[in-house]
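Colleague:
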Amino acid sequence: MATTGKWIGSARRAAYAKINLYLDVLSRRTDGFHELLTVMHSISLCDDVQVEWAEASETKITLSVLGARLPHDAKNLAYRAAELFLSTTGQQATLHITLRKRIPVAAGLAGGSSDAAAVLRAMQTLSPVAVEEETLLGMGLMLGSDVPFCLVGGTQICRGRGERMQPLACGAPLFIVVAKGREHVSTARAFANMDTYFHNFDGSVAHGGQPHELYRAMAAGKLHMASAAIYNAFEPVVLPSCPAASALRRQLLNCGAYAACMSGSGPSVFGLFSTQGQARRAAAAIGRYAFLAVSAPAIK
Ligand code: C5P
0 MATTGKWIGS
10 ARRAAYAKIN
20 LYLDVLSRRT
30 DGFHELLTVM
40 HSISLCDDVQ
50 VEWAEASETK
60 ITLSVLGARL
70 PHDAKNLAYR
80 AAELFLSTTG
90 QQATLHITLR
100 KRIPVAAGLA
110 GGSSDAAAVL
120 RAMQTLSPVA
130 VEEETLLGMG
140 LMLGSDVPFC
150 LVGGTQICRG
160 RGERMQPLAC
170 GAPLFIVVAK
180 GREHVSTARA
190 FANMDTYFHN
200 FDGSVAHGGQ
210 PHELYRAMAA
220 GKLHMASAAI
230 YNAFEPVVLP
240 SCPAASALRR
250 QLLNCGAYAA
260 CMSGSGPSVF
270 GLFSTQGQAR
280 RAAAAIGRYA
290 FLAVSAPAIK
């Protein structure tokens, strides 16, 4: 990185994708967001994020993206994370961010949120000004609903927009295949369609989740015994207009997954397998739309 200021350093972070093992939308709030109950689970599918930092009297941020066509400016959440970190801590810097993308984009896997969280964590490590955990989580929520989870990772029961987190023990690692075709889903549109489908959450349309069964089975390392508890309320709203995702979901079950479900507001789907060998064979059968993964540990 070409700079005239004092070199502070460089930090690298893995930015892990997440899947939602459980996702229910409970109500629509007056601030335009929706109240959620969800179980988020970090998986080993990840982007690599590097931040290089030099002192400067005026802030200049540059961003390189490898492996995907994404904006290089403030339209990219990773860029906005760097700006927010500097403005919140009252610092100026020359920053260069490099994203090596592997997580499919606009897929319900929190790829963009995870990149932003990794930028915040890298900057927390490099920053000459100390930043408290709570301040970092606050910055995360300003950037997006999934960013606080991505700052913490592991398996968390999440409420509110996702920022009220409670760790959930994961008794055994999960063997996962994520599949994502060519379809794209806008999160905002998916939430708006939820309002219509669930009659503005007036209670007249039944939801299907059994979260406590999921918590118990997860803690006991026996998720395969509670496959019916794996649930995403977005499925009936999003999947009818995503035939490729619906087909991939069926294919995961045909390949021996004990459960298959959509992640987030879609359209990526995931299958859970009893063994790594089964997962590997399923990923090979599905081909280029499949990503093999296992559970990833919590970051902090
Ligand atoms: O927070 P994030 O930027 O990911 O949200 C994108 C959009 O999704 C929001 O503008 C909102 O329309 C919708 N959303 C919601 N309730 C949530 C999360 C997101 O309505 N809990």
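Quick note, in numbering that gives the first Met the number 0, the sequence shown goes up one by one and the last residue is 299. Think of the CB as a built atom: it goes at the ideal place given N, C-alpha and C, for glycine as much as any other residue. Keep in mind it's a predicted model, so treat the numbers as computed, not measured.
(1) Return yes when the Cβ of Lys17 is within less than 8 Å of the Cβ of Gly66, no when it is not.
(2) Sorry if obvious, but does the Cβ on His33 come closer than 7 Å to a heavy atom of the ligand C5P?
(3) Flag Arg160 as yes when its Cβ comes closer than 7 Å to any non-hydrogen atom of the ligand C5P, and as no otherwise.
(4) Tell me whether the beta-carbon of Gly286 lies closer than 8 Å to the beta-carbon of Leu125.
(5) Give me, in chain order, the residues of the same chain whose beta-carbon lies closer than 6 Å to that of Ala14; leave out the 5 immediate sequence neighbours on both sides.
(6) Would you mind stating whether Val38 and Leu167 have Cβ atoms separated by less than 8 Å?
(7) Say whether the segment 235-246 touches the segment 151-169, bearing in mind that this needs 3 or more beta-carbon pairs closer than 8 Å, one atom from each stretch.
(8) Near Asn121, what residues of its chain come up, given a Cβ to Cβ distance below 6 Å and the 5 sequence neighbours on each side ignored?
(9) Thinking C-beta only, is Ile229 closer than 8 Å to Leu20?
(10) Who does Gly152 pair with in a DSSP beta bridge?
(11) Apart from the five residues on each side of it in sequence, which residues of its chain come closer than 8 Å, Cβ to Cβ, to Gly89?
(12) Decide if the segment 270-283 is in contact with the segment 246-262; the criterion is three or more beta carbon pairs, one per stretch, under 8 Å apart.
(13) For the segment 245-255 against the segment 176-191, do three or more pairs of beta-carbon atoms, one drawn from each stretch, fall closer than 8 Å, so that the two count as touching?
(14) Would Glu82 and Ile96 qualify as a contact pair, given that the criterion is a beta-carbon distance under 8 Å?
(15) Looking at the strands, I want to know which residues DSSP matches up with Gln123.
(16) How far does the alpha helix (DSSP H) with Leu173 in it reach, from first residue to last?
(17) Can you give me the start and stop residues for the beta strand (DSSP E) that Ile7 sits inside?
(18) Which same chain residues end up closer than 6 Å to Trp264 when comparing Cβ atoms and leaving out the 5 residues on each side of it in sequence?
(19) DSSP on Val104, reduced to helix/strand/coil?
(20) Runs of 3 residues minimum, wholly inside the segment 55-82: which ones carry the beta strand (DSSP E) assignment?
(21) If you run the structure through DSSP and keep just helix, strand and coil, what is Asp46?
(22) Going by alpha carbons, who is nearest to Asn231 out of Leu213, His198, Met224, Gly4?
(23) Quick one: what's Phe290 bridged to in DSSP?
(24) Reducing DSSP to helix, strand and coil, say where Ser41 ends up.
(25) If I'm right that Leu69 touches Ile298 with Cβ under 8 Å, what's the distance once you round it to whole angstroms?
(26) Taking Tyr78 as the reference, which of Leu140, Leu35, Leu62 has the closest Cα?
(27) Arg158 bridges to which residues according to DSSP?
(28) What residues match up with Ala259 in a beta bridge as DSSP calls it?
Modeller: In this structure, then:
(1) no
(2) yes
(3) yes
(4) no
(5) Cys45, Asp46, Val48, Ser113, Asp114, Ala117
(6) yes
(7) no
(8) Note that residue 121 corresponds to Ala in the displayed sequence, not to Asn. Around Ala121: Ala10, Arg12, Val50.
(9) yes
(10) Ala297
(11) Val128
(12) yes
(13) yes
(14) no
(15) BP columns for Gln123 are empty, so no partner.
(16) No alpha helix (DSSP H) contains Leu173, which DSSP labels as neither H nor E.
(17) 6-27
(18) Looking at the sequence itself, residue 264 is Ser, so the reference to Trp does not match. Hits under 6 Å: Gly107, Val184, Thr186, Ala189, Phe233.
(19) coil
(20) 59-65
(21) strand
(22) Leu213
(23) Val177
(24) strand
(25) Their Cβ separation, rounded to whole angstroms, is 23 Å, which puts Leu69 and Ile298 out of contact at 8 Å.
(26) Leu62
(27) Leu36, Arg163
(28) Gly270
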